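>
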Amino acid sequence: MKDVVLDSESLKRLKEFELELLKTFISTCETLGLKYYVMGGTLLGAVRHKGFIPWDDDIDVAMPRKDYEIWIEKAPKLISEEQFIQTHITDPHYPANFAKLRNSNTTFIESTLSNLDINHGIYIDIFPLDYYPEKNSFSFKLKQLRYTCKIAQLFNVDAIDYSKGKKIIRKIISLSVSGSPYDAVVKRDELYKSSKSGSLLANFSGAWGDKEIVPADWYGEGVTLSFEGLEVSAPKEYKKWLQQVYGDYMQLPPEEKRVTHHYTEVIDLDKSYKQYRRG
Numbered sequence: 011m012k013d014v015v016l017d018s019e020s021l022k023r024l025k026e027f028e029l030e031l032l033k034t035f036i037s038t039c040e041t042l043g044l045k046y047y048v049m050g051g052t053l054l055g056a057v058r059h060k061g062f063i064p065w066d067d068d069i070d071v072a073m074p075r076k077d078y079e080i081w082i083e084k085a086p087k088l089i090s091e092e093q094f095i096q097t098h099i100t101d102p103h104y105p106a107n108f109a110k111l112r113n114s115n116t117t118f119i120e121s122t123l124s125n126l127d128i129n130h131g132i133y134i135d136i137f138p139l140d141y142y143p144e145k146n147s148f149s150f151k152l153k154q155l156r157y158t159c160k161i162a163q164l165f166n167v168d169a170i171d172y173s174k175g176k177k178i179i180r181k182i183i184s185l186s187v188s189g190s191p192y193d194a195v196v197k198r199d200e201l202y203k204s205s206k207s208g209s210l211l212a213n214f215s216g217a218w219g220d221k222e223i224v225p226a227d228w229y230g231e232g233v234t235l236s237f238e239g240l241e242v243s244a245p246k247e248y249k250k251w252l253q254q255v256y257g258d259y260m261q262l263p264p265e266e267k268r269v270t271h272h273y274t275e276v277i278d279l280d281k282s283y284k285q286y287r288r289g
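Add 10 to the 1-based position in the sequence shown for our numbering, that's all there is to it.
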């Protein structure tokens with residue numbers, strides 16, 4: 011897969027765009043009285059670097075499902091004209107079960123999504139947190155696999171370069187789900203929301219799989235951390251969360267692993283993805 015490598019000045023500008031999106035997100039949450047937490051590399055960056063991980067360039071936040079759905083419904087009225095809240099409802103070809111807050115005046119085309127007719131502006135990720143179905147987790151995971159294969163097969167979205175054998179298996183599994191890829195996204199969303207209570211919360215759309223299934227009380231009311239001079243909300247037991255996901259999280263990785271994890275075909279900080287698509 012392709013990847014655009016930014017020089018230090020462009021990376022700095024990219025982070026500034028993302029930071030403005032984070033400020034907008036926090037402002038809307040405060041206006042609406044909603045709970046959120048910084049997650050993933052953003053949480054790690056806040057704890058270890060007081061801001062962005064120096065070689066990273068993304069921002070992840072999460073919200074309890076109830077707060078997330080209120081935000082999806084009401085936040086569009088609180089953001090600027092160039093900003094866009096992307097979900098499978100607002101952007102039907104978008105194949106994920108979490109939201110992105112995008113800047114539509116910029117371009118950030120990821121290789122895995124480049125063939126899709128969607129908003130490709132610079133973004134931050136907003137994940138819903140759902141209860142984990144402890145009693146029927148095998149059935150849950152099987153359904154999740156089927157919907158994921160259906161979406162990947164029909165949207166032709168892959169983060170991994172599968173072998174021919176695995177592609178055939180994925181295609182067979184995808185045939186067990188009827189309907190369009192949009193239907194599969196909707197069904198997967200319903201699956202994630204199906205458990206209404208429990209002792210565990212999961213970020214089903216996160217990058218770390220089962221590591222992001224944690225006791226619900228680890229989140230709690232949250233605690234305040236500093237991120238690039240902003241006060242942000244983090245899980246109450248953020249140290250336990252980081253330990254479970256990253257292990258010895260205060261230890262810096264080897265220099266050869268200090269790279270961004272996006273695969274991008276185009277990053278343009280000065281031109282809208284719409285203009286780029288028109289050439």
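In this text, a Cβ means the ideal position worked out from N, Cα and C, and glycines have one as well. Note that the structure is a prediction, hence the values are computed from the model and not measured.
Roughly how many angstroms lie between the CA atoms of W218 and S282, to the nearest whole one?
Locating residue 218 in the sequence shown gives position 208, where the first residue counts as 1. Locating residue 282 in the sequence shown gives position 272, where the first residue counts as 1. Looking at the two C-alpha atoms, the distance is approximately 31 Å.
> Where does P191 fall in DSSP's three states?
If you number the sequence shown from 1, residue 191 lands on position 181. P191: helix per DSSP, three-state reduction.
> Is S204 closer than 7 Å to F108 when the C-beta atoms are compared?
Here residue 108 refers to the residue found at position 98 when the sequence shown is read from its first residue. Here residue 204 refers to the residue found at position 194 when the sequence shown is read from its first residue. Cβ distance not < 7 Å, so F108 and S204 don't count as in contact.
> Report the rounded CA-to-CA distance for V269 versus R58, giving the unit in angstroms.
Reading the sequence shown from its first residue, position 259 is the one you call residue 269. Reading the sequence shown from its first residue, position 48 is the one you call residue 58. So the two alpha carbons sit approximately 16 Å from each other.
> State yes or no: is the C-beta of A194 within less than 7 Å of the C-beta of L211?
Stepping through the sequence shown from its first residue, residue 194 is reached at position 184. Stepping through the sequence shown from its first residue, residue 211 is reached at position 201. For A194 and L211, no; Cβs fall outside 7 Å.
> Rounded to whole angstroms, what is the Cα-Cα separation between I80 and L139?
Position 70 of the sequence shown holds residue 80. Position 129 of the sequence shown holds residue 139. Approximately 13 Å, taken between the alpha carbons.
> Rounded to the nearest angstrom, what separates A169 and T122 at their Cα positions?
In the sequence shown, the residue the question calls residue 169 occupies position 159. In the sequence shown, the residue the question calls residue 122 occupies position 112. Note that A169 has pLDDT 44, beneath the 50 cutoff, so the model's placement of it is unreliable and the number below is only indicative. Cα to Cα, A169 sits roughly 6 Å from T122.
> Under three-state DSSP, which class holds P86?
Along the sequence shown, one-based indexing puts residue 86 at 76. Of the three classes helix, strand and coil, the one that applies to P86 here is helix, per DSSP.
> Which residue spans inside the region 90–151 form an unbroken beta strand (DSSP E) run of at least 3?
Runs found: 93–96, 109–113, 117–120 and 132–141.
> Between which residues of its own chain and I128 is the CB-CB distance below 6 Å, once the five residues before and five after are set aside?
Taking the sequence shown and counting its residues from 1, the one referred to as residue 128 is at position 118. Excluding sequence neighbours, I128 sits near D101, H103 and Y104.
> State buried or exposed for G189, treating a residue as buried only when at least 16 other CB atoms are found within 10 Å of its CB.
Here residue 189 refers to the residue found at position 179 of the sequence shown. Under this definition G189 is an exposed residue.
> Whole angstroms are fine: how far does the CA of I89 sit from the CA of D17?
Position 7 of the sequence shown holds residue 17. Position 79 of the sequence shown holds residue 89. Their backbone Cα atoms lie some 30 Å apart in a straight line.
> Suppose contacts are defined by Cβ-Cβ distances below 7 Å. Is L21 in contact with K84 by that definition?
Your numbering for residue 21 matches position 11 in the sequence shown. Your numbering for residue 84 matches position 74 in the sequence shown. No, the pair does not count as a contact, with Cβ atoms beyond the cut-off.
> Can you list, in chain order, the residues of its chain with a C-beta nearer than 6 Å to that of G50? Leave out the 5 residues immediately preceding and following it.
As a first step, residue 50 is located in the sequence shown; it is residue number 40 there, counting from the start. For G50, where only same-chain residues beyond five positions count, the Cβ hits under 6 Å are D70.
> Spatial neighbours of W65 within its chain, please: C-beta separation below 7 Å, excluding the five flanking residues on both sides.
To locate residue 65, count along the sequence shown from 1; it is residue 55. Counting only Cβ-Cβ distances below 7 Å, and skipping sequence neighbours, we find R268, V269 and T270.
> Under 7 Å, do K60 and S243 count as touching if we go by C-beta distance?
Working through the sequence shown from its first residue, we reach residue 60 at position 50. Working through the sequence shown from its first residue, we reach residue 243 at position 233. No; because the gap between Cβ atoms is not below 7 Å, this pair is not in contact.
> Helix, strand or coil, according to DSSP, for Y202 in the structure here?
As a working mapping, residue 202 is identified with position 192 in the sequence shown. In the structure shown, Y202 sits in a helix (DSSP, three-state: H, G or I).
> With DSSP collapsed to three states, give me the class of F27.
Taking the first residue of the sequence shown as 1, we reach residue 27 at position 17. Three-state DSSP puts F27 in a helix.
> Go through its chain and collect everything with a Cβ distance to T274's Cβ below 8 Å, but skip five positions before and after it.
Your numbering for residue 274 matches position 264 in the sequence shown. These residues qualify, in order along the chain: K12, D13, V14, F118, I119, E120 and S121.
> Determine, using beta carbons only, whether L111 and K153 come nearer to each other than 7 Å.
By one-based count along the sequence shown, residue 111 stands at place 101. By one-based count along the sequence shown, residue 153 stands at place 143. Not in contact: L111 and K153 (Cβ atoms no closer than 7 Å).
> DSSP state of V233, grouped into three classes?
Looking up residue 233 in the sequence shown gives position 223. Strand, per DSSP.
> Using a 10 Å radius around the Cβ and a threshold of 16 neighbouring Cβ atoms, would you call Q261 buried or exposed?
Within the sequence shown, the letter at position 251 stands for residue 261. Its Cβ having fewer than 16 others within 10 Å, Q261 is exposed.
> By the 10 Å Cβ neighbour count, where 16 or more other Cβ atoms means buried, how is K250 classified, buried or exposed?
Here residue 250 corresponds to residue number 240 of the sequence shown, with the count starting at 1. Exposed, by the Cβ-count rule.
> Cβ atoms of Y157 and K197: under 7 Å apart, would you say?
Within the sequence shown, numbered from 1, the residue matching residue 197 stands at position 187. Within the sequence shown, numbered from 1, the residue matching residue 157 stands at position 147. Contact: yes.
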